[in-house]
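Novice:
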Ligand SMILES: Cc1cc2nc3c(=O)[nH]c(=O)nc-3n(C[C@H](O)[C@H](O)[C@H](O)COP(=O)(O)OP(=O)(O)OC[C@H]3O[C@@H](n4cnc5c(N)ncnc54)[C@H](O)[C@@H]3O)c2cc1C
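Numbering (my numbering), first residue to last: 106 to 525.
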């Protein structure tokens, strides 16, 4: 058995899944986490495992959506000044990537990476990682009938990549008869039956438990502040508390902390932070299927007993965790439009906003695709980052393929499109 020492920086879902598959391949693995595992973006997201909705964010038409958003207080995309000035070159590259050819190439790459996603999640689960599944199936609902019809056509067309396909489109009263949790305002709906939602915190904590039981060393409150290099290799990481860890291979999977780690190595990747809102809410309407509020781009997941988890907003206002009350209101108002009787409120309506709302910092490249690669110029440093809106979904597949890459030192073909 290969007992190579691998250090993984970052105890989010991406780092933990990579550690899982590295251990499975026989490596000795140490995970270094600056805070507690799962306390980054991986603990505060919608939790959808959704190969069917895995398309790059720079899509044809997405620039006009973003520009219109500048004028709306409750818009799904927020471009904040003064950060906007710094962001302009990145946004221009993002805009260039919205052309149909690049978009299709991105879909093909993600579909190829995702082709074993359900199988790999099942493998992780059957190994004893007992994460909670909140709902089976994702119901895409639209207030605008034409928008729903268009989205259904586009999603059906993606079956050429092996994605979906969605079940048949239901219009007007038909949609509400079939799915009584939907409001009178919903004009079109269709279901992806295989996609599901996990409770994100239970995934990271049960992965942590399982990894520890398998001999992976998970060290919390371990912030990496230095990386030593030796020629074309790196050989040691240094922590804020003065301790050090040596390794044969190093994986940077530190979410929004990845760009600063690259800087330590004298490298730069154009990764932006796109804040998202994770909101716990409750409703009197009983339902068991996640709802994608299609026109408003909000995810609504039933968590049992009338509980809801909501995820939404793509906010470019820098690397911070500030909560905007206006945007929280915007997300709640959006979901009320889709749920019967509009009966949705914060889980702690009388408490502090932080009791019901957390900020997740997604990391995003202008291509919309993650970086799954070796760091150029360093033979033993790898990077798995910028999973954007899809980190939960892609975590098993990217973890599996990165473990293969690190173990064999040969880049698997599936990872070729995800270059540094
Ligand atoms: C509102 C919202 C909804 C979302 N919904 C979905 C969804 O439904 N489905 C989906 O697939 N994806 C979704 N996402 C995206 C998904 O959450 C992310 O892509 C994913 O969590 C990224 O995981 P990660 O492990 O790369 O980063 P993180 O979870 O942020 O983990 C990185 C870890 O690295 C640690 N770290 C950073 N720097 C250092 C350092 N120097 N030393 C040691 N440790 C360090 C951090 O403390 C952190 O714990 C959503 C995101 C948001 C915000």
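By construction, the Cβ of each residue, glycine as well, lies at the ideal position given by its N, Cα and C atoms.
Among 386, 485, 469 and 481, whose alpha-carbon lies nearest the alpha-carbon of residue 456?
Specialist: 386
Novice: Are the Cβ atoms of residue 360 and residue 167 separated by less than 8 Å?
Specialist: no
Novice: With a threshold of 6 Å on Cβ separation, who are the neighbours of residue 331 within its own chain once the five nearest residues in sequence on each side are excluded?
Specialist: 343
Novice: Are the region 425-433 and the region 274-285 touching, with three or more C-beta to C-beta distances below 8 Å?
Specialist: no
Novice: Below 8 Å between beta carbons: does that hold for residue 461 and residue 384?
Specialist: yes
Novice: What residues are listed by DSSP as bridge partners for residue 338?
Specialist: 335
Novice: Leaving out the 5 sequence neighbours to the left and right, which residues in its chain are closer than 7 Å to residue 421 when beta-carbon positions are compared?
Specialist: 183, 184, 185, 188, 192, 377 and 379
Novice: Any chance the CB of residue 366 is under 7 Å from a heavy atom of ligand 1?
Specialist: yes
Novice: When you compare each of 406, 221, 412 and 390 to residue 447 by their alpha carbons, which one comes out closest?
Specialist: 390
Novice: On the CB-based measure, 16 or more other CB atoms within 10 Å of its CB, does residue 368 come out buried or exposed?
Specialist: exposed
Novice: In its own chain, which residues sit with a C-beta less than 6 Å from the C-beta of residue 109, not counting the 5 before and 5 after it?
Specialist: 132 and 353
Novice: The beta strand (DSSP E) with residue 239 in it runs from where to where?
Specialist: 238-247
Novice: Go ahead and pull the three-state DSSP assignment for residue 298.
Specialist: strand
Novice: Counting along the chain, where does the beta strand (DSSP E) carrying residue 449 start and finish?
Specialist: Counting along the chain, the beta strand (DSSP E) containing residue 449 begins and ends at 449-451.
Novice: Is there at least one non-hydrogen atom of ligand 1 closer than 7 Å to the beta-carbon of residue 505?
Specialist: When distances are taken from the beta-carbon of residue 505 to the heavy atoms of ligand 1, even the shortest one reaches 7 Å or more.
Novice: Do the region 132-145 and the region 393-409 make contact, defined as three or more Cβ pairs closer than 8 Å?
Specialist: No, because fewer than three Cβ pairs between the region 132-145 and the region 393-409 fall closer than 8 Å, the two stretches do not touch.
Novice: Flag this pair as yes or no: are the beta carbons of residue 527 and residue 216 separated by less than 8 Å?
Specialist: This structure does not reach residue 527, given that the chain is present from 106 up to 525, and the question cannot be answered.
Novice: Bridge partners for residue 379 per DSSP, in chain order?
Specialist: 467
Novice: Over the uninterrupted beta strand (DSSP E) stretch that includes residue 133, give me the two end residues.
Specialist: Looking at the DSSP string, the run of the beta strand (DSSP E) that includes residue 133 is 133-137.
Novice: Would you call residue 467 buried or exposed, if buried means 16 or more other Cβ atoms sit within 10 Å of its Cβ?
Specialist: buried
Novice: Here's the rule I'm using: 16 or more other beta-carbon atoms within 10 Å means buried, otherwise exposed. How should residue 521 be labelled?
Specialist: exposed
Novice: Hey, how far is the Cα of residue 325 from the Cα of residue 310?
Specialist: 13 Å
Novice: Residue 233 to residue 314, Cα distance in whole Å?
Specialist: 9 Å
Novice: Check the C-beta distance from residue 358 over to residue 145 and give it rounded, since I have them as a contact under 8 Å.
Specialist: With 8 Å as the limit, residue 358 and residue 145 do not qualify as a contact, their Cβ atoms being about 10 Å apart.
Novice: Flag this pair as yes or no: are the beta carbons of residue 519 and residue 222 separated by less than 8 Å?
Specialist: No, these two residues do not count as a Cβ contact at 8 Å.
Novice: Quick one: does the C-beta of residue 195 sit closer than 7 Å to a heavy atom of ligand 1?
Specialist: no
Novice: Would you list the residues sitting across from residue 390 in a DSSP beta bridge?
Specialist: None, per the DSSP bridge assignment.
Novice: Less than 8 Å between C-beta atoms, sequence neighbours within five positions excluded: which residues of the same chain meet that for residue 122?
Specialist: 229, 312, 500, 501, 503, 504 and 505
Novice: Looking at the secondary structure, which residues open and close the beta strand (DSSP E) in which residue 322 lies?
Specialist: 322-324
Novice: Please confirm if the region 146-165 is in contact with the region 333-350, defined as three or more CB-CB distances below 8 Å between the two stretches.
Specialist: no
Novice: To which residues of the same chain is residue 245 closer than 6 Å at the C-beta, ignoring the five residues directly before and after it?
Specialist: 295, 397 and 399
Novice: Provide the residue span of the beta strand (DSSP E) that contains residue 421, from first to last.
Specialist: 412-421
Novice: Go through its chain and collect everything with a Cβ distance to residue 317's Cβ below 7 Å, but skip five positions before and after it.
Specialist: 323
Novice: Give me whichever residues DSSP pairs with residue 110 in a beta bridge.
Specialist: 133
Novice: Taking residue 162 as the reference, which of 492, 513, 515 and 508 has the closest Cα?
Specialist: 492
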